Structures are given as structure tokens and as C-alpha cells.
Amino acid sequence: MIDLIRKLTEAWGPSGYEHQVRELIRAEVKPFADKIEVDPLGSLLCRVGKGGKGKKTIMIAAHMDEIGIMATFQEPKSGYLRFSAIGGLLYTTLHGSRVRFEDGTIGVVAAPEPFGAARTTAPDLDSFFVDVSDGGDTSRVKAGSPAGFWRPFEQRGTRLIAKSMDDRIGCAIAIEAMRRLNGKTPHEVCFAFTVQEEVGLRGARPAAHGIDPDVAVSLDVTQTGDEVKGERHDVRLGGGAAIKIMDTGHVVPPHIRDWMIGAAEAADIPYQREILTLGTTDSAGIQVARSGVPSGCISIPCRFVHTTSETVDSRDVEACVQLLVKLLSEPLSFS
Ligand code: CO
Ligand code: ZN
7 MIDLIRKLTE AWGPSGYEHQ VRELIRAEVK PFADKIEVDP LGSLLCRVGK
57 GGKGKKTIMI AAHMDEIGIM ATFQEPKSGY LRFSAIGGLL YTTLHGSRVR
107 FEDGTIGVVA APEPFGAART TAPDLDSFFV DVSDGGDTSR VKAGSPAGFW
157 RPFEQRGTRL IAKSMDDRIG CAIAIEAMRR LNGKTPHEVC FAFTVQEEVG
207 LRGARPAAHG IDPDVAVSLD VTQTGDEVKG ERHDVRLGGG AAIKIMDTGH
257 VVPPHIRDWM IGAAEAADIP YQREILTLGT TDSAGIQVAR SGVPSGCISI
307 PCRFVHTTSE TVDSRDVEAC VQLLVKLLSE PLSFS
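As C-alpha cells, this is what we get:
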């Protein structure tokens with residue numbers, strides 16, 4: 007699974023430009039899906055198991071997109087590109103960071119006078135620019151070009167570090183669950199690899215409308231509270247799959263929470279309860295699709311979310327895969 011995680015996290019796909027990630031996932035899931043389609047906004051929908059009378063449709067959602075930038079204007083003299091954010095950029099991470107454009111061009115993000123006030127505080131986004139100069143005149147990167155941040159995947163013991171664990175780790179968990187299920191589920195399951203989560207759950211909502219599920223579960227990272235002064239948030243790295251109770255966009259219905267906790271306890275899968283006080287996931291959008299979809303979320307504990315060094319633990323990842331497989335292998339605990 008490590009190779010899959012490396013491949014997915016190193017792939018390029020800022021919100022709205024998920025096509026490279028989609029093709030990668032399509033190739034991975036081909037042997038395990040009964041039907042694969044791309045919806046009008048670009049989400050990849052992979053169906054497993056046969057629908058039919060009395061069968062429930064379960065939607066599993068993981069988003070393919072990552073935060074990034076959009077070049078907005080090229081300075082005539084220097085050639086520096088000004089840019090705006092795609093998703094929730096942390097300005098404090100920008101100095102000296104690298105972005106990658108669709109054609110592979112690496113740009114360096116900087117701001118003027120970095121040793122002045124900007125040394126200790128992040129300036130506005132307006133102050134930053136991207137240097138894409140190549141010493142010649144061959145750069146094809148222009149205003150209107152999107153870019154993702156660039157860092158290679160790294161492993162340190164059980165810790166996995168990468169630029170877009172949010173949410174390629176969710177995609178990897180969905181793919182691995184499809185592989186382990188190998189078609190054996192009493193339900194009709196639709197794995198949705200969604201677009202544009204980072205800009206406001208824009209892909210998951212219409213995807214849920216099209217799928218019309220009875221139940222949905224999203225897979226996404228959550229912040230850990232085991233860092234310095236983070237003690238008011240209970241989720242920790244290595245503590246197991248985080249079962250969402252609530253976040254700022256979603257109060258998980260108690261029967262869904264109990265279904266998930268019951269499955270974890272029955273199978274001895276390490277889990278923890280997640281209450282996220284800032285942020286939400288695709289399931290917040292899915293729950294209000296059509297006449298409402300009871301939804302839950304399996305969260306992957308992650309340190310340093312929205313930086314280029316998002317860190318997860320492979321034992322938590324394994325717990326998340328096991329929990330998802332368990333949920334999808336058995337009849338629902340409610341009707
Ligand atoms: Co995110
Ligand atoms: Zn996410």
C-alpha cells in the first residue's frame with residue numbers, strides 16, 4: 007500500500023484539475039469495480055456489488071483534489087507570477103516553498119524583503135509571487151495556470167509524510183478497501199473519488215445527487231491534538247481510526263455513529279472519537295443531498311494539515327481500511 011500512497015500523494019491535482027489523479031485511480035480500481043464512470047463535474051464513480059430490491063446503496067467518498075494556487079498576473083519586468091489561493095492556504099508556509107505546474111515546471115514562492123517584517127509574520131497573499139524563470143525565454147507558465155505544492159513522499163518508521171495526504175490517503179484507503187472486498191458485499195457500494203472538496207465540497211454534493219445513496223461515509227484527514235498546546239483536541243496520531251462525532255459542518259446521526267463504533271469494537275479495530283472544531287468534509291455536503299442522506303466519516307489522524315508535510319501513521323491507515331471493509335462486508339445495523 008505504501009507504493010500506492012506514494013504515487014497518489016505525488017500526483018498533481020489542485021481543485022478543478024483532478025484529471026491526472028483520476029486517471030491514476032481509474033487504473034488502480036479497474037480490476038475491482040463492476041462499473042466505472044465520470045460524472046459531469048469530474049468525480050470518478052466506481053460501483054461494486056449488485057443493486058436490487060431491498061439492497062441499500064452506500065456511498066463512500068474521498069476527494070482527489072489538493073490545495074494549490076492559480077497564477078493571476080505576470081509582472082512585465084521580472085516575469086514573476088502573482089497568484090491567488092485554491093483552497094485554504096496557510097500563508098505562513100509559503101516562503102521558499104515550491105509549486106508544480108501542469109507541465110511539470112517547478113516554481114519557487116517568495117515575497118519581497120523577507121528579512122524585514124515578513125521574517126516573523128506572514129504578509130498578505132498579494133505580496134507573494136512565484137519565480138518560474140528558467141534563465142532563457144521558454145517558460146510556458148502564464149496567468150491562468152494552476153499549480154499544486156511540491157514535496158516528495160517520505161517515510162519515517164510508521165510515519166508517512168507527504169504534501170497531499172489530504173485527501174489522497176482517503177483515496178488510498180478506498181482503493182485498498184475495494185481490493186480487499188473483491189466484490190464481496192451485501193450492498194451496492196459506490197466509491198466516489200470526488201473533485202473540488204477544498205474549495206467548498208463542490209464535487210461531492212452533485213455526486214451524491216446522482217448516486218442517490220441510502221447511507222454515506224466520507225474518508226478524510228482530521229487534525230490531531232497531540233502537538234504542543236493541542237491538548238483540547240482528543241485525536242492522536244497512532245490512536246486508530248477516528249470516527250467522526252461532529253465537525254463544523256456535520257453532526258453525525260447517532261445511529262450512524264453507533265454503526266461505526268459497533269463495527270470497530272466487534273472487530274477489535276483501534277478507534278477514537280473525533281470532534282473537529284474547525285473544518286469539515288465531503289459528508290457535510292452529501293448529508294444534505296436530495297431529501298437527506300444519513301452520513302458518517304472515517305477520519306485519518308493527520309499532523310500539519312494543509313502544509314506540504316502532512317503526516318499520518320500507517321497503523322491508523324490500516325485501522326481505517328479494516329473499519330471500512332468491516333462496514334461494507336455486513337448488513338447495516340439499522341434499517
Ligand atoms: Co483539506
Ligand atoms: Zn480533505
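Per the working numbering, the very first residue in the sequence shown carries number 7; after that it's consecutive.
Note that the Cβ used here is the ideal one computed from N, Cα and C, for glycine as well.
Keep in mind it's a predicted model, so treat the numbers as computed, not measured.
Problem - Boundaries (first-last residue) of the beta strand (DSSP E) holding Q26 - result: Taken as a continuous stretch (DSSP letters only), Q26 belongs to no beta strand (DSSP E), being part of the alpha helix (DSSP H) at 25-35.
Problem - Sequence-distant residues of its chain with Cβ nearer than 6 Å to I179 (five each side left out) - result: L225, C326, V327
Problem - H256 CB to nearest heavy atom of ligand 2 below 7 Å - result: no
Practice task
Return the CA-CA distance between L100 and V115, expressed in angstroms with no decimal places.
Solution key: 6 Å
Exercise for the section: For the beta strand (DSSP E) containing V331, list its first residue and its last residue. Expected result: Not the beta strand (DSSP E): V331 falls in the alpha helix (DSSP H), residues 320-335.
Handout entry: Simplified DSSP assignment, three categories, for D137
Key = strand
Handout entry: L51 beta carbon less than 8 Å from that of T313
Key = no
Exercise for the section: Going by CA-CA distance only, name the one from F155, E233, T283, P219 that's closest to K250. Expected result: Comparing C-alpha distances from K250 to each of F155, E233, T283, P219 shows the shortest one belongs to T283.
Practice task
May I ask you to check if the CB of T287 is nearer than 7 Å to at least one heavy atom of ligand 2?
Solution key: yes
Exercise for the section: Look at the alpha carbon of V221 and the alpha carbon of T63, and state the distance between them as a whole number of angstroms. Expected result: V221 and T63: Cα-Cα distance of roughly 7 Å.
Handout entry: Classification of D253 by the beta-carbon crowding that lies within 10 angstroms, buried from 16 upward
Key = buried
Problem - Closer than 5 Å: residues whose CB approaches a heavy atom of ligand 2 - result: D172, D173, D226
Practice task
Take Q293 and list the residues in its own chain whose beta-carbon comes closer than 8 Å to its own, dropping the five residues that flank it on each side.
Solution key: Closer than 8 Å at the Cβ level, and outside the excluded window around Q293, lie A222, H256, V299, P300, S301.
Exercise for the section: Report the three-state DSSP secondary structure of A116 (helix, strand or coil). Expected result: strand
Exercise for the section: Could you give the DSSP three-state label for G60: helix, strand or coil? Expected result: Three-state result, G60: coil.
Practice task
Give the DSSP-derived three-state secondary structure of I73 in the structure shown.
Solution key: coil
Practice task
Can you give me the start and stop residues for the alpha helix (DSSP H) that E271 sits inside?
Solution key: 260-272
Practice task
Check whether the Cβ atoms of L329 and I262 lie closer than 8 Å to each other.
Solution key: no
Problem - Buried versus exposed call for E233 [16 or more other C-beta atoms within 10 Å across all chains shown] - result: exposed
Handout entry: D322 beta carbon less than 8 Å from that of G244
Key = yes
Exercise for the section: Using only alpha-carbon positions, find the residue among A290, A247, G291, A295 that is nearest to A273. Expected result: A247
Handout entry: Residues that Y277 bridges to, as DSSP identifies them
Key = A247
Problem - Near ligand 1: E24 beta-carbon under 7 Å from a heavy atom - result: No, the beta carbon of E24 sits no closer than 7 Å to any heavy atom of ligand 1.
Exercise for the section: Please confirm if Q278 has its CB atom under 8 Å from at least one CB of chain C. Expected result: Checking the listed chains, one finds no chain C in this structure; it contains a single protein chain.
Problem - H312: CB within 7 Å of a non-hydrogen atom of ligand 1 - result: yes
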